[in-house]
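The structure under discussion appears below in the form of structure tokens.
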Amino acid sequence: NGGTLFLDEVGNLTYETQVQLLRALQERRIRRVGSTREIPVDIRLVTATNENLEAAIVRGSFRADLFHRINEFTLRMPELREMRGDILLFADFFLDQANRELGKHIVGFDAEAVAALTRCEWPGNLRQLKNAVKSATLLASGDYITCRELPAEVTAATPAARSFRCA
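Numbering (the working numbering), first residue to last: 2 to 168.
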């Protein structure tokens, strides 16, 4: 009560859960599972989604009234493929994290791996990049991550990447 509730992937809520959330937001009261007593709540709600909620409303999979209730302020985060110039910055950041977590000392990415990383479409955005870098770090035996250590989805995810051959 009085805090912030973060709901990730609000676009994936079931219809029934959407109804319950809308009711809680409108009435500012909740009822715990198995209880008959309602509890007043005062929260700030922050939501995130990869779904296009307007399209979900048209499809009938997201309630318009809930959308209008939670859509006071929208902050659109660009997809990773829209920030090609930042991919290597993120990859280096995730490499540093993976090195610390795995006790490795990988220096960076060789030229072919850099090309594959920047050509990938990254449909899973930062999560996919983080997982790819961590996996490659785990597999790497030299100073640099090569295409051999990168997941196949990274080196062959797009037409541009498919035409790129890793040695």
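No residue lacks a Cβ here, since even glycine has one placed at the ideal position from N, Cα and C.
Item	Value
Where R166 and E55 are concerned, what is the direct C-alpha to C-alpha distance, given to the nearest angstrom?	With a pLDDT of 39 at R166, under the threshold of 50, the modelled position of this residue cannot be trusted, and the question is left open.
Measure the Cβ-Cβ separation of R60 and Q19 and say whether it is below 8 Å.	no
Taking 8 Å as the limit between beta carbons, can you name the residues of its chain near R85, skipping five residues before and five after?	T119
Would I107 pass as a contact of L96 if the rule is Cβ separation under 8 Å?	yes
Taking just the CA atoms, how far does T156 sit from L81?	16 Å
Looking at the secondary structure, which residues open and close the alpha helix (DSSP H) in which E39 lies?	Premise fails: E39 lies in the beta strand (DSSP E), E39 to P41, not in any alpha helix (DSSP H).
Hey, which unbroken runs of the beta strand (DSSP E) at 3 residues or more fall wholly within the stretch 43–122?	45–49
Can a CB atom of chain D be found closer than 8 Å to the CB of I71?	Absent from the structure is chain D; it holds one protein chain and no more.
Using the DSSP secondary-structure output, state which residues sit across from D9 in a beta bridge.	A49
Looking at C-alpha atoms only, which residue of G109, L130 and S62 is the closest neighbour of E154?	L130
I'd like the list of long-range same chain contacts for R45, defined as Cβ closer than 6 Å, with 5 residues on each side in sequence excluded.	T5
Within 10 angstroms of its Cβ, does D93 collect 16 or more other Cβ (buried), or is it exposed?	exposed
Buried or exposed, going by whether 16 or more other CB atoms sit within 10 Å of the CB of D111?	buried
Could you give the residue range of the beta strand (DSSP E) that holds R30?	R30 to R32
Within the same chain, show all residues whose beta-carbon is closer than 6 Å to that of E150, passing over the 5 residues directly before and after it, in chain order.	A137, L140 and A141
For I58 and H69, I'd like the C-alpha separation in whole angstroms.	11 Å
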